[in-house]
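Numbering (the working numbering), first residue to last: 350 to 836. C-beta: ideal position from N, C-alpha, C; glycine also. Take a look at the structure below.
What follows is the structure in structure tokens.
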């Protein structure tokens, strides 16, 4: 792998992963976050961001054409081709309006002289004034300049909108469903409890759970694997795992030394029929504390219990409170059991939640919600929640910077993990919708006033030019106000 050394003040040229050294990096060109982010070996860096203090070496992980910045630019370019509803309406209206006005101007120039013997010169002049006044330039330009300004304002904040249609429709969101892991919580769970259920002084069960967890990329499995690796006294090695497979929404299984083991959640334990009153009491206590519990078991008995906790992000409570104050019905969807879901929901101020959901359950929930609400949005990680994100009116992907799929799968990709940007997006959408209506009203209003003056013989040609160019300049200036949107 090619290594690149970055010194203080230099712009990072390509996406990569730090191998040596540490520094703080200004990621505002990607995420919109002005506070520099500390980077150490193993952390990702992105093309276009600026190194601040230290120097470091990083290995390149993507070509320039495939970098996060390049994909953002490509997505913004594609977004401009996905026209907003108002823009499509104006385009259709202009197709009818323009020839109608041309025919009207032609009739004005010829009918009075032919029917009533009026002077040809006077009516030709009036028809010319009418034609200039009625030119649809201001009307046609009023929508794209506003939408593009809105897309640019969103991108500056690290909100990548995949099309004008989503920017304009954002103000119609009535219900917002939030995934838990990585959206409300940090998505980096840590082990809090390890309970031996099998009187295992030699830690052989820990060795098995370590070997199984190491084969999975699920956040809980990674937390278990990292925890065991961080315990030097255990000195456990990895064992060969055969017939490894994932059990969707429940856990994993695999054979170690020809013995089949299961590693999974409360639901899997019930399916295996291994529950007992004493174990259920332990599980209930841990789950009421908001912890996720996984159990290592054979088909005959449970062996080891591990509890992990995923910390709630500092921004989640404030962001959810803001969404609720905006009148948006906000709830949480999670695959965790109901007790853990209730604890997390209560922690962040949510009254509504759904627990023990598989990916298809989330999809079904969104489909049902769309029968009751005009617009339903879903927030997830862009990978596990892809079906629900696709079904929702607008799908939001959290933490899209550095991921290969989030930018492609979501309608709106948030380049960092700040849930507060959902509220910013909705406010920006409301402002965009308001300015679109203002611009159309201004463009048509000026045209109507001067067309009446033209019929009355008051409007002159220079006034017609002002009506056309002036209206265009006014709507452009009004649309560009979005670039200074504060949110």
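Checklist entry - Rounded to the nearest angstrom, how far is the Cβ of residue 740 from that of residue 712, given a contact under 8 Å? => result 6 Å
Checklist entry - Where residue 725 and residue 422 are concerned, what is the direct C-alpha to C-alpha distance, given to the nearest angstrom? => result 27 Å
Next on the checklist: Restricting to Cα atoms, I'd like to know which of 407, 440, 394 is closest to residue 418.
Outcome noted: 394
Next on the checklist: Excluding the 5 residues flanking residue 510 on each side, which residues of the same chain have their C-beta closer than 7 Å to its C-beta?
Outcome noted: Excluding sequence neighbours, residue 510 sits near 428, 500, 503, 516, 761.
Item to check | Whole-angstrom C-beta distance between residue 479 and residue 453, which should lie under 8 Å | outcome: 7 Å
Checklist entry - Which of helix, strand or coil does DSSP assign to residue 400? => result strand
Checklist entry - Between 475, 766, 808, 609, which lies nearest to residue 530 when the distance is taken from Cα to Cα? => result 766
Checklist entry - Mind checking residue 797: buried by the 16 CB within 10 Å criterion, or exposed? => result Counting C-beta atoms within 10 angstroms of its own C-beta, residue 797 has fewer than 16 neighbours from the protein chains shown and is therefore classed as exposed.
Item to check | Close-in-space but distant-in-sequence residues of the same chain around residue 829 (CB under 6 Å, 5 per side omitted) | outcome: 498
Item to check | DSSP state of residue 526 mapped onto helix, strand, coil | outcome: strand
Item to check | Terminal residues of the beta strand (DSSP E) in which residue 678 lies | outcome: 678 to 682
Item to check | Through-space distance from residue 687 to residue 610, alpha-carbon basis | outcome: Our two residues, residue 610 and residue 687, have alpha carbons roughly 25 Å apart in a direct line.
Checklist entry - Using DSSP with H/G/I as helix, E/B as strand and the rest coil, what is residue 360? => result Residue state, collapsed to three classes: strand.
Checklist entry - If residue 677 sits next to residue 577, beta carbons under 8 Å apart, how far is it from one beta carbon to the other, in whole angstroms? => result That belief does not hold up - the Cβ atoms of residue 677 and residue 577 are roughly 42 Å apart, past 8 Å.
Next on the checklist: Among 391, 661, 804, 816, whose alpha-carbon lies nearest the alpha-carbon of residue 528?
Outcome noted: Considering only alpha carbons, the answer is 661.
Next on the checklist: Rounded to the nearest angstrom, what separates residue 849 and residue 485 at their Cα positions?
Outcome noted: Not covered by the structure: residue 849. The range shown for the chain is 350 to 836.
Next on the checklist: Let me confirm a value: residue 807 is counted as buried when at least 16 other C-beta atoms fall within 10 Å, else exposed. Which label applies?
Outcome noted: The residue in question, residue 807, is exposed, as its Cβ has fewer than 16 Cβ neighbours within 10 Å.
Next on the checklist: Please state the DSSP three-state secondary structure of residue 818.
Outcome noted: helix
Next on the checklist: Under DSSP, the alpha helix (DSSP H) around residue 369 begins and ends at which residues?
Outcome noted: It is not in any alpha helix (DSSP H) - residue 369 instead sits in the beta strand (DSSP E) that spans 365 to 370.
Checklist entry - Candidates 559, 351, 630: which alpha carbon is nearest residue 603's? => result 559
Next on the checklist: Between which two residues does the alpha helix (DSSP H) holding residue 473 run?
Outcome noted: 469 to 482
Item to check | Cut-off 6 Å between Cβ atoms - residues of its own chain near residue 719, not counting five sequence neighbours on either side | outcome: 725
Checklist entry - Any heavy atom of the ligand ATP within a distance shorter than 7 Å of the CB on residue 798? => result This structure does not include the ligand ATP; it has no bound ligands of any sort.
Next on the checklist: So, under 8 Å CB-CB, residue 685 and residue 641 are touching, yes? Tell me the CB distance rounded to an integer number of Å.
Outcome noted: 6 Å
Item to check | Beta carbon of residue 513 nearer than 8 Å to that of residue 496 | outcome: yes
Item to check | residue 371 and residue 407 closer than 8 Å at C-beta | outcome: Against a cut-off of 8 Å, the Cβ pair of residue 407 and residue 371 comes out as no contact.
Checklist entry - Measuring CB to CB, does residue 357 end up less than 8 Å from residue 400? => result yes
Checklist entry - In terms of alpha-carbon separation, which member of 554, 532, 539, 628 lies closest to residue 683? => result 532
Next on the checklist: Whole angstroms are fine: how far does the CA of residue 598 sit from the CA of residue 387?
Outcome noted: 34 Å
Item to check | Contact with chain D by residue 818, beta-carbon distance below 8 Å | outcome: Of the protein chains in this structure there is only one, and it is not chain D.
Checklist entry - Which whole-angstrom value is the C-beta distance of residue 573 and residue 655, which I expect to be below 8 Å? => result 6 Å
Checklist entry - For residue 390, which three-state DSSP category applies? => result coil
Checklist entry - In chain order, which alpha helix (DSSP H) runs of at least 4 residues are fully inside the stretch 680 to 707? => result 687 to 697
Checklist entry - Quick one, which of 415, 556, 552, 664 has its alpha-carbon nearest residue 771's? => result 664
Checklist entry - Between the Cα of residue 681 and the Cα atoms of 775, 374, 728, which residue gives the shortest distance? => result Minimum Cα-Cα distance from residue 681 among the listed residues 775, 374, 728 corresponds to 728.
Checklist entry - Just checking my contact of residue 541 with residue 657 at CB under 8 Å: how many whole Å lie between their CB atoms? => result 6 Å
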